[in-house]
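Novice: My questions will all concern the structure given below.
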Amino acid sequence: MPNNFLVTGQPRSGKTTVVQKTVELLRSNGLVVGGVFCPEVRLRGERVGFEIEDVLSGETRTLAHVDRDWGPSVGKYRVAVQEVDELCEQAFSRASTEADVLVVDEIAPMEVHSDVFVRRVEAALDDEKPLVAAIHERATDGFVGEVKRRDDVELFAVSAQTREALPGRIDALVGDCLE
C-alpha cells in the first residue's frame, strides 16, 4: 500500500488548496504535520515570487523572486538556493522527529535547484510516515519524473470535478497508513 500521496494538476487547478485542506483535516484528527509550503508572494495583485515556509515553526524564507539578480532562473524568477537549503534542513529535521505526517507543497522545478530539498524529499518519500505533496504536472524528467514513477506513490489529479472530494479521500488514506 502506498504511503506517499501526490496531488498534481494544471497550474491554478487547486493543488495547493487540496494539500492545505488535507492538512487541516489531518490536524483536526489530532495529527502533527510538518514539512514545507511554498506560498506565492504578490505585490499589487501580481505574483512576484514565492516563499518557502516551515509548516511546524511558521518560519519563512525567499524561495524565488523576480527582483533577484542571482541564482538559477526558472521563468522570470531567480531561485534563492541557499535560503531554500537552510530552511529545508531545519524544516525536515524538525518534521522527522516531531510530525506524524509529512507535507511538501510543491515538488517542482524551482525547488529542485536545492540539493538539500531533493535529498530531504527523497528521505521523506522513503520514510514510513505518510507524505502528502503537490507535484508539478508537466515535468516528466529528472527528479520530479522519478518521484512520479515510484512504486510507493499514489497520484491524484486535481480538476474541477475532483477538487472538493480529494482532501477527505487523502485524509482517509493517511489514516489507513497510520493504523
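Add 123 to a position in the sequence shown, counting from 1, and you land on the number used in our numbering.
For glycine and all other residues, C-beta sits at the position ideal for the given N, C-alpha and C.
#1: I believe Val224 touches Val141 by the beta-carbon criterion, under 8 Å. Please report the beta-carbon distance rounded to the nearest angstrom.
#2: What are the start and end residues of each continuous beta strand (DSSP E) run of 3 or more residues lying completely inside the region 192-278, in chain order?
#3: Looking at the strands, I want to know which residues DSSP matches up with Val130.
#4: Which one of Val197, Asp294, Glu302, Asp249 has the shortest CA to CA distance from Val130?
#5: Whole angstroms is fine: what's the gap from Val156's alpha carbon to Gly291's?
#6: For a test of the three-state rule: what should DSSP assign to Asp190, helix, strand or coil?
#7: Can you check whether the CB of Glu221 is closer than 8 Å to the CB of Val239?
#8: Would you check if there are 3 or more beta carbon pairs closer than 8 Å linking the region 224-238 to the region 246-258?
#9: For Arg184, write down the residues that DSSP places opposite it in a beta bridge.
#10: Beta strand (DSSP E) containing Arg165: first to last residue?
Specialist: Based on what the coordinates show:
#1: Translated into the one-based positions of the sequence shown, residue 224 becomes position 101. Translated into the one-based positions of the sequence shown, residue 141 becomes position 18. That pair is no contact at about 15 Å.
#2: Annotation note: the region 192-278 contains the following uninterrupted beta strand (DSSP E) runs of length 3 or greater, listed N- to C-terminal: 200-202, 224-230, 254-258.
#3: Taking the first residue of the sequence shown as position 1, residue 130 is located at position 7. As computed with DSSP, Val130 is found in a beta bridge with Ala257, Phe279.
#4: Locating residue 130 in the sequence shown gives position 7, where the first residue counts as 1. Of the candidates Val197, Asp294, Glu302, Asp249, the residue whose Cα lies closest to the Cα of Val130 is Asp294.
#5: Here residue 156 refers to the residue found at position 33 of the sequence shown. Here residue 291 refers to the residue found at position 168 of the sequence shown. Taking the straight line joining both Cα atoms gives about 16 Å.
#6: Within the sequence shown, the letter at position 67 stands for residue 190. Per DSSP, reduced to three states, the secondary structure at Asp190 is coil, with no helix or strand assignment.
#7: As a working note, residue 239 is residue 116 in the sequence shown. As a working note, residue 221 is residue 98 in the sequence shown. Contact flag unset, no.
#8: A contact exists between the region 224-238 and the region 246-258.
#9: Translated into the one-based positions of the sequence shown, residue 184 becomes position 61. Arg184 is bridged to Ile175.
#10: Residue mapping note: residue 165 aligns to position 42 of the sequence shown, counting from 1. Start and end: 163-166.
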